[in-house]
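Below is one structure, written out as structure tokens; comments come after it.
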């Protein structure tokens, strides 16, 4: 197994204290995204059938990004998500290879677990692209209060031969969430956590 060469790591921290002039009394919502800008080993090669080099190397990236995200969050994560960008000399399947269950399992373990699938989005892009990383409750996707996102932009990435691999976490659901669905408390009560 080879490693993916990491050019740099960029972190985004967002703290929301109120929405529409209201706070629900549960404290701020803190969201963190940690992004690894890595060299794409298949850039410029055209169609490559075996992407296992990226898949296999993604476990190490998932562990590292997850650990960094928890440290920056400063609390136990309640939600998570993943996303990625691929530069113009690669194809979207390259960044999808970096975010399979190999990455997801390592990411999940590094943040202390989670039972729900990890929300995800990828896209091809040039430098300075913007991507919204979806977030959902880490133990049960049906907890609607935790459907959210964090917006990420990296000024100089991805270069044409790079991937941007993103892991994101948050410490609670949306402030003033009120559209129904199962609550976190109900998920706990039903043994879904």
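In this note's numbering, the protein residues as written are 40 to 232. Just so you know, even glycine gets a beta-carbon here, dropped at the ideal spot from N, CA and C.
DSSP places residue 133 within a helical segment (H, G or I) once states are collapsed to three. Looking from the CA of residue 141, the closest CA among 232, 70, 100 belongs to 100. Look at residue 43 here: in three-state DSSP terms it is coil, with no helix or strand label. A distance of 8 Å or more separates the beta carbons of residue 124 and residue 189. Sixteen is the threshold: since fewer than 16 other Cβ atoms of the shown chains lie within 10 Å of the Cβ of residue 227, the residue is exposed.
For the set 132, 67, 148, the Cα lying nearest the Cα of residue 94 is the one of 132. One alpha carbon belongs to residue 42, the other to residue 166, and they sit about 23 Å apart. If you check the CB distance, residue 116 and residue 70 do not come in under 8 Å. C-alpha of residue 161 to C-alpha of residue 135: approximately 7 Å in a straight line. Looking at the DSSP output, residue 186 bridges to nothing.
Here residue 108 is not near residue 191, since their CB atoms are 8 Å or more apart. With respect to residue 120, residue 155 sits apart: the two C-beta atoms are not nearer than 8 Å. Between the segment 179 to 189 and the segment 212 to 228 there are three or more C-beta pairs closer than 8 Å, enough to call the two in contact.
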